[in-house]
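Enquirer: Would you mind keeping the following structure in view while I ask a few things?
There are 2 protein chains.
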Amino acid sequence: MKIGELAQRSGLSAYTIRYYERIGLLPYADRDASRQRDYDASILTWIAFLGRLKATGMPIQEMLRYAMLRQQGPQTNAERMALLKAHRQGVAAQIAELQASLLVLDTKIAGYADAEKRIETDDEP
Amino acid sequence: MKIGELAQRSGLSAYTIRYYERIGLLPYADRDASRQRDYDASILTWIAFLGRLKATGMPIQEMLRYAMLRQQGPQTNAERMALLKAHRQGVAAQIAELQASLLVLDTKIAGYADAEKRIETDDEP
DNA sequence: CTACGAGTTAGAGCGCACTCTAAGTCAAGC
DNA sequence: GCTTGACTTAGAGTGCGCTCTAACTCGTAG
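As you go down the protein sequences, you meet chains W and Z in turn.
Position in the first sequence (from 1) plus 358 gives the number in the working numbering.
Position in the second sequence (from 1) plus 358 gives the number in the working numbering.
Following this line, the structure appears as structure tokens:
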């Protein structure tokens, strides 16, 4: 598949795909006879995983570290696992913070709803 | 309290506090006799709330919108509530995505742990 | 044959949210 | 009286993660 189709299917822009290749997040893609990138569908799995890392707030530098380890083969498994474990902890912390913030928002929203009701019904003591 | 102390107590840098004032996220602070900002402790509550909005991914433009409504008094309550409700939905969605990603990470980590064990014990069928 | 659309590269530009610099003011301690 | 350190301003600079431009090359349709 060519870059346009990959862009469609991955949700990344073609610009971003080229950028990711340039910095090493995506492997250098094979080129066809006219020097255009020719992708295997398997790249979609990797892009989806990168998307998860990104969605969970991993900076590109760290994704790059993971990508490089991956490229070095199975002897880097332990280090990759360690990296993901550390990241996992960060994600769990993020979730906890968002949940706490959700409570704060709900309290604030309830406060506004309350004030609104008090005005509507005009039932101050 | 002066800006240095507020920085300490709020966790923002003095640079950031001035920046927030400049763009309107923080109200223009009263100045003392030597034209230095002099803060009331109550500002800490507002900064903490801004911190929640920021932690939940609200862009500064939107915080600014909220800050301006707030400054206009109680007649903007309905709009502020609507803004927070919309944001609340986004936060809930974020949490859901992070939780899904957490599962993906756990699966990946389990895969590495598995591979490691297989090597250690060398017990392939 | 030519026009078009999709691809190529190197490198410039952008939006966000700060973060810092330079040059100056002020109050307190030696 | 002088130094020190915390403050002031306007405005420049930074890092991140893209996003776009310019100039070019291809393959295909009319």
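No residue lacks a Cβ here, since even glycine has one placed at the ideal position from N, Cα and C.
Could you have a look at R476 (chain Z) and say whether DSSP puts it in helix, strand or coil?
Expert: Looking up residue 476 (chain Z) in the second sequence gives position 118. Helix.
Enquirer: Anything in chain W within Cβ reach of L463 (chain Z), meaning under 9 Å, just list it in chain order.
Expert: Here residue 463 (chain Z) refers to the residue found at position 105 of the second sequence. Ordered by position in chain W, the residues that pass the 9 Å Cβ test against L463 (chain Z) are R410, L411, T414, L442, K443, H445, R446 and V449.
Enquirer: Go ahead and pull the three-state DSSP assignment for R446 (chain W).
Expert: Position 88 of the first sequence, counted from the first residue, corresponds to residue 446 (chain W). In the structure shown, R446 (chain W) sits in a helix (DSSP, three-state: H, G or I).
Enquirer: On the premise that R423 (chain Z) lies in contact with L441 (chain Z), defined as a C-beta separation below 8 Å, what is that separation, rounded to the nearest angstrom?
Expert: As a first step, residue 441 (chain Z) is located in the second sequence; it is residue number 83 there, counting from the start. As a first step, residue 423 (chain Z) is located in the second sequence; it is residue number 65 there, counting from the start. Right, their Cβ atoms sit about 7 Å apart.
Enquirer: Ordered along the chain, which non-local residues of its own chain (more than five positions away) have a Cβ less than 8 Å from that of H445 (chain W)?
Expert: Stepping through the first sequence from its first residue, residue 445 (chain W) is reached at position 87. Answer for H445 (chain W): L411, T414, M416 and E420, listed in chain order.
Enquirer: Round the Cβ separation of G382 (chain W) and M439 (chain W) to the nearest angstrom and send it over; I've been treating them as touching at under 8 Å.
Expert: Within the first sequence, the letter at position 24 stands for residue 382 (chain W). Within the first sequence, the letter at position 81 stands for residue 439 (chain W). Not really, about 21 Å apart at Cβ, beyond 8 Å.
Enquirer: So, is Y397 (chain Z) buried or exposed, given that buried needs 16 or more other C-beta atoms within 10 angstroms?
Expert: In the second sequence, residue 397 (chain Z) corresponds to position 39, counting from 1. Y397 (chain Z) should be labelled buried.
Enquirer: Going by beta-carbon coordinates alone, are L364 (chain Z) and V449 (chain W) separated by less than 8 Å?
Expert: Numbered from 1 along the second sequence, position 6 holds the residue referred to as residue 364 (chain Z). Numbered from 1 along the first sequence, position 91 holds the residue referred to as residue 449 (chain W). No, the Cβ-Cβ distance between L364 (chain Z) and V449 (chain W) is not below 8 Å.
Enquirer: Could you check whether the segment 431–438 of chain Z touches the segment 400–407 of chain Z, counting it as contact only if at least three pairs of C-beta atoms, one from each stretch, sit closer than 8 Å?
Expert: They do not touch, by the three-pair rule.
Enquirer: Exposed or buried, which one is Y386 (chain W) when buried takes at least 16 other CB atoms within 10 Å?
Expert: In the first sequence, the residue the question calls residue 386 (chain W) occupies position 28. Result: exposed.
Enquirer: At what residues does the alpha helix (DSSP H) containing A413 (chain W) begin and finish?
Expert: Reading the first sequence from its first residue, position 55 is the one you call residue 413 (chain W). It spans I401 to A413 - the alpha helix (DSSP H) in which A413 (chain W) sits, taken as one unbroken run.
Enquirer: Hey, how far is the Cα of I361 (chain W) from the Cα of R380 (chain W)?
Expert: Looking up residue 361 (chain W) in the first sequence gives position 3. Looking up residue 380 (chain W) in the first sequence gives position 22. In a straight line, the C-alpha of I361 (chain W) is about 14 Å away from that of R380 (chain W).
Enquirer: DSSP on R395 (chain W), reduced to helix/strand/coil?
Expert: Your numbering for residue 395 (chain W) matches position 37 in the first sequence. Strand, per DSSP.
Enquirer: Check the Cβ-Cβ distances between D474 (chain Z) and every residue of chain W, and say whether any is below 8 Å.
Expert: Numbered from 1 along the second sequence, position 116 holds the residue referred to as residue 474 (chain Z). In the sequence as displayed, the identity of residue 474 (chain Z) is Glu instead of Asp. Cβ-Cβ to chain W under 8 Å: yes for E474 (chain Z).
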